[in-house]
Amino acid sequence: MSKFIEKMEGRGFRYLEGINRLRFEPRRMSSGDLLHEPLLGKLWRKSFHFHNGERHLQIPDSMYLFTHAQSGLNVIVDYGRWSGITVQVADPRLAGQTGKRKTALDRKTGLALRKKEVLKSYHCSMKRVLGFGAWIDGTINDLERYAGYKNPDQLFGIAHGHDGGKRSERLFFEGKDDGTSHENDIALAHFRSHKKWDARGMHNYFDEEHYEDMCRLLGTMGIVKIPAVEMTLPVFLFDNTSIIRFVKDLNRKKEQLNEFVDRINAEKNELATRLDEAEAQIAAMPEQFHKRQKAIDSLAVVIAQLKGQKKTAAFFTVERRMIMRRIKQAGYAQKKLRKEYEELKPVAEQHRRNAQDMATRLAQLKGEKAFSRIPEEGVAMPRKSNGGYGIDSVKSLLGRYADLITVYNSNVETAHKIAVPAQSMNGPHFMIYAESAELMREIHEAYLANKIFDYPAYASQVELKHFIRELRENYGQRVAIGIAHPVCFSNGSMSPAVGILDSARRGDVSWEDVMERIVPYIDTVGAFNMSISNTKKFVMEPWGEERLQRVREEKGENAYHDEVERAWRIAEFKARLGEIIQEADRDIHTGREWTVGTLNMAFAHYLSKHHGVVALADEDIHTYLRPNASSAYIDAELYGWSVLEIPGGFRENSPAEWVSAIHAARNGTVEGINAYPNIYADTNNKQGAYDITHERKDNRFWETAREMWNYGTVGVFMFAHDFVASLSMERPRKLAQAWHAFTRLFS
Numbered sequence: 001m002s003k004f005i006e007k008m009e010g011r012g013f014r015y016l017e018g019i020n021r022l023r024f025e026p027r028r029m030s031s032g033d034l035l036h037e038p039l040l041g042k043l044w045r046k047s048f049h050f051h052n053g054e055r056h057l058q059i060p061d062s063m064y065l066f067t068h069a070q071s072g073l074n075v076i077v078d079y080g081r082w083s084g085i086t087v088q089v090a091d092p093r094l095a096g097q098t099g100k101r102k103t104a105l106d107r108k109t110g111l112a113l114r115k116k117e118v119l120k121s122y123h124c125s126m127k128r129v130l131g132f133g134a135w136i137d138g139t140i141n142d143l144e145r146y147a148g149y150k151n152p153d154q155l156f157g158i159a160h161g162h163d164g165g166k167r168s169e170r171l172f173f174e175g176k177d178d179g180t181s182h183e184n185d186i187a188l189a190h191f192r193s194h195k196k197w198d199a200r201g202m203h204n205y206f207d208e209e210h211y212e213d214m215c216r217l218l219g220t221m222g223i224v225k226i227p228a229v230e231m232t233l234p235v236f237l238f239d240n241t242s243i244i245r246f247v248k249d250l251n252r253k254k255e256q257l258n259e260f261v262d263r264i265n266a267e268k269n270e271l272a273t274r275l276d277e278a279e280a281q282i283a284a285m286p287e288q289f290h291k292r293q294k295a296i297d298s299l300a301v302v303i304a305q306l307k308g309q310k311k312t313a314a315f316f317t318v319e320r321r322m323i324m325r326r327i328k329q330a331g332y333a334q335k336k337l338r339k340e341y342e343e344l345k346p347v348a349e350q351h352r353r354n355a356q357d358m359a360t361r362l363a364q365l366k367g368e369k370a371f372s373r374i375p376e377e378g379v380a381m382p383r384k385s386n387g388g389y390g391i392d393s394v395k396s397l398l399g400r401y402a403d404l405i406t407v408y409n410s411n412v413e414t415a416h417k418i419a420v421p422a423q424s425m426n427g428p429h430f431m432i433y434a435e436s437a438e439l440m441r442e443i444h445e446a447y448l449a450n451k452i453f454d455y456p457a458y459a460s461q462v463e464l465k466h467f468i469r470e471l472r473e474n475y476g477q478r479v480a481i482g483i484a485h486p487v488c489f490s491n492g493s494m495s496p497a498v499g500i501l502d503s504a505r506r507g508d509v510s511w512e513d514v515m516e517r518i519v520p521y522i523d524t525v526g527a528f529n530m531s532i533s534n535t536k537k538f539v540m541e542p543w544g545e546e547r548l549q550r551v552r553e554e555k556g557e558n559a560y561h562d563e564v565e566r567a568w569r570i571a572e573f574k575a576r577l578g579e580i581i582q583e584a585d586r587d588i589h590t591g592r593e594w595t596v597g598t599l600n601m602a603f604a605h606y607l608s609k610h611h612g613v614v615a616l617a618d619e620d621i622h623t624y625l626r627p628n629a630s631s632a633y634i635d636a637e638l639y640g641w642s643v644l645e646i647p648g649g650f651r652e653n654s655p656a657e658w659v660s661a662i663h664a665a666r667n668g669t670v671e672g673i674n675a676y677p678n679i680y681a682d683t684n685n686k687q688g689a690y691d692i693t694h695e696r697k698d699n700r701f702w703e704t705a706r707e708m709w710n711y712g713t714v715g716v717f718m719f720a721h722d723f724v725a726s727l728s729m730e731r732p733r734k735l736a737q738a739w740h741a742f743t744r745l746f747s
């Protein structure tokens with residue numbers, strides 16, 4: 001092996017020697033921690049992903065990593081005493097550089113290498129003695145040829161993906177991220193695909209300790225780690241139905257609520273007065289204790305003096321009898337004072353308990369602020385904006401009445417409790433990138449630290465339009481903001497609207513709102529999501545007149561007008577999306593089928609062409625399988641990647657340089673800096689759908705089975721954990737409430 005290393009270094013390949021000595025000790029779980037961990041967590045820790053929590057964060061000693069000094073091409077080498085040397089390199093050419101293939105056997109044709117050409121492996125058995133030097137020379141010649149394909153100005157990277165653990169801890173159980181893979185596997189997958197930057201981010205959380213671990217691990221491989229978070233941003237924090245129901249309940253129970261307000265306010269006033277008296281009594285107690293103690297001490301001095309006089313007085317004299325009488329009287333007085341002193345202790349304690357009880361009751365009644373009575377004309381609906389009730393007007397309404405309703409529901413026995421509107425916990429996903437870990441920590445503390453739900457993909461209390469505008473105003477060019485998977489789901493309206501186009505499809509947001517209030521603040525957009533690419537249709541049908549009339553009959557005029565507006569938004573969005581698909585097919589041959597892959601690519605092309613937004617590959621990888629030099633398994637990292645072109649490459653290898661380059665590519669301010677997605681997709685589109693080319697995927701049976709196993713078990717686990725967490729949070733007391741928690745998963 002030493003001879004191989006020597007020849008590699010002599011031909012321009014640098015051996016990353018120190019990376020195998022990098023060690024991170026696992027955080028071992030105590031028996032007490034395991035005792036309190038959910039059953040599913042215990043089972044998960046015994047899976048192959050984390051090897052029961054014993055796996056170190058390090059690169060195996062049997063693996064040797066090389067990088068070409070000029071081009072940045074990476075090479076993985078496995079060495080075993082009995083197995084020999086195995087060398088693997090991934091072809092670094094972009095999709096347009098690999099040549100068009102046309103064969104009668106291919107169902108699709110595209111600009112992509114076949115699977116056996118994507119990863120090239122070279123093996124030399126230890127039994128081979130003769131010709132070993134020639135094998136080394138021939139292998140390195142091939143590696144140099146691949147290095148010639150790699151443009152050093154083209155910095156490959158990953159803009160969206162997820163982690164599975166922090167050393168030996170599962171991030172999912174901490175509510176931080178929902179990936180499944182160990183950091184070792186992620187880092188090696190990056191290295192094999194020649195990545196130079198990693199901008200993956202957790203769901204709604206920035207774990208600085210994990211970020212520093214990845215910086216150390218990836219830094220030894222020449223990969224820059226960018227501080228990033230994937231944020232879930234609801235279009236509106238409150239849905240229309242819950243607001244309508246809340247206001248209707250207030251007005252229907254107006255008289256009963258006003259009587260309750262008067263009674264509660266009277267009780268609060270009485271409690272406040274009694275509390276003042278109790279506090280005054282408590283304040284007077286130390287002085288009473290002090291007076292008695294002082295009198296006891298004074299009597300003790302008097303008794304001591306009298307006893308001295310008694311010793312000098314003659315027996316059987318009037319003076320001695322008077323002294324003895326005074327000593328006895330002083331003793332009685334002292335004993336009485338001591339008794340009063342002891343009797344004061346329980347009195348003082350009772351005053352304190354009374355004060356605590358009254359303070360607790362006042363706290364239950366939401367402090368000393370008096371509740372407002374509902375006006376005679378009733379409560380008006382909040383103001384609307386873009387089809388939804390505005391966040392400011394809703395919060396103003398809840399600020400007046402939410403506390404009152406909470407106290408009312410907990411004090412009055414009633415079959416019909418008033419439901420306070422709950423904030424939405426899901427919405428379109430956006431990527432946030434920061435120029436430093438310190439800045440990302442500041443963003444986390446300002447917007448994410450108050451997260452109220454442990455499931456990673458659920459949001460903190462942040463609304464989409466307000467957040468991105470405020471983020472840009474506060475931090476300017478120090479952050480980059482990206483749209484993640486504009487379309488994420490293809491199955492009906494029950495799916496969570498976690499893409500901005502998914503929200504528009506449901507009518508939650510208008511096309512004008514997407515363009516005017518979101519696009520000006522956005523720097524990047526996910527062009528093609530590797531992990532959800534499929535050819536399923538994007539179903540979107542506006543509501544018909546018959547359905548709208550049924551809403552009017554069942555829910556009334558307000559709901560009817562809301563749905564009419566929603567129907568118009570959906571119809572307009574569908575028309576605009578049709579134009580975008582035709583334009584993309586004309587320009588970059590995406591096809592015209594309304595599928596997830598086609599729509600994402602078409603929308604990204606539109607934003608890039610007409611608004612200058614940088615389009616990047618949207619990998620969204622949750623499962624990374626550990627690269628093996630002898631295995632040709634291709635995962636999403638090799639289906640495509642994002643390319644950032646910088647003349648001369650990174651100079652500082654810093655997140656700030658990366659963020660600055662994204663802005664330069666977005667605004668076209670620096671000549672030579674560019675960013676774009678490199679996707680190995682079908683460009684002939686016989687089926688009319690933009691998808692990963694069959695030549696590139698072409699996995700064998702066991703590889704496909706392993707991939708399905710990874711995603712399948714993760715999906716079942718996430719669903720179960722989400723449901724249990726919903727039940728735990730909402731504490732359902734009736735079957736109907738449990739069913740409501742269940743349906744929230746799809747709303």
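Just so you know, we're using the working numbering here: the sequence shown kicks off at 1 and counts up by one. All residues carry an ideal CB built from backbone N, CA and C; glycine is no exception.
Item: Touching by the beta-carbon criterion (3+ pairs, under 8 Å), the region 203-221 and the region 7-25; Value: yes
Item: At least three beta-carbon pairs within less than 8 Å, the region 632-641 to the region 605-620; Value: yes
Item: Inter-residue spacing [alpha-carbon to alpha-carbon] between Q281 and K294; Value: 20 Å
Item: Pair within 9 Å by beta-carbon distance, K465 and R505; Value: no
Item: Run of the beta strand (DSSP E) containing E645, from where it starts to where it stops; Value: G640 to E645
Item: Through-space distance from G597 to Q582, alpha-carbon basis; Value: 14 Å
Item: Assigned secondary structure, K451 (DSSP; H/G/I helix, E/B strand, else coil); Value: coil
Item: Selected residue, minimal CA-CA separation from R383, among L397, T139, N529 and R373; Value: L397
Item: Classification of P375 by the beta-carbon crowding that lies within 10 angstroms, buried from 16 upward; Value: exposed
Item: Delimiting residues of the beta strand (DSSP E) encompassing H123; Value: L119 to C124
Item: Burial state of R200 (16 or more Cβ within 10 Å); Value: buried
Item: Pair within 9 Å by beta-carbon distance, L73 and Y149; Value: yes
Item: Among Q58, H561 and S121, the one whose alpha carbon lies nearest that of D78; Value: S121
Item: Backbone secondary structure at F173 - three-state DSSP; Value: helix
Item: Residue interval of the beta strand (DSSP E) (run including Y15); Value: F13 to Y15
Item: Among H160, E445, E255 and F603, the one whose alpha carbon lies nearest that of D177; Value: H160
Item: Buried or exposed (CB count within 10 angstroms, at least 16 for buried), R170; Value: buried
Item: 8 Å CB neighbourhood of Y408 in its chain, flanking five on each side removed; Value: L257, F260 and I418
Item: Beta carbon of L607 nearer than 9 Å to that of V525; Value: yes
Item: Rounded separation between N667 and N529 - CA only; Value: 24 Å
Item: C-alpha distance - T103 paired with K116, whole-angstrom precision; Value: Confidence at T103 is low in this model, with a pLDDT of 39, below 50, so the placement of that residue should be treated as unreliable; the coordinate-derived value is given next. Cα-Cα distance, rounded: 16 Å.
Item: Beta-carbon proximity list for N265, same chain, < 8 Å, skipping 5 on both sides; Value: A370 and F371
Item: Continuous beta strand (DSSP E) stretch holding I85: start and end; Value: G84 to A90
Item: Inter-residue CB distance, F430 and I483 (contact presumed, cutoff 8 Å); Value: 6 Å
Item: Beta bridge counterpart(s) of E230 as assigned by DSSP; Value: H203 and M431
Item: Beta-carbon proximity check, H190 vs I158, cutoff 9 Å; Value: yes
Item: Euclidean distance between Cα positions of N674 and D585; Value: 23 Å
Item: Strand pairing of N674, partner residues [DSSP]; Value: E645
Item: Beta-ladder partner(s) of N529, from DSSP; Value: D618
Item: Residue from L548, E512 and P227 with nearest C-alpha to V659; Value: P227
Item: Separation of E368 from V379, as counted between CA atoms; Value: 24 Å
Item: Burial state of W594 (16 or more Cβ within 10 Å); Value: buried
Item: E470 to S71 span [Cα, whole Å]; Value: 40 Å
Item: Whole-angstrom distance between L188 and V394, CA atom to CA atom; Value: 49 Å
Item: Nearest-angstrom beta carbon gap, R626 and N20 [assumed within contact, 8 Å]; Value: Not quite, the Cβ-Cβ distance comes to about 15 Å (not below 8 Å), so this is no contact.
Item: Length of the line joining the Cα atoms of A629 and R93; Value: 19 Å
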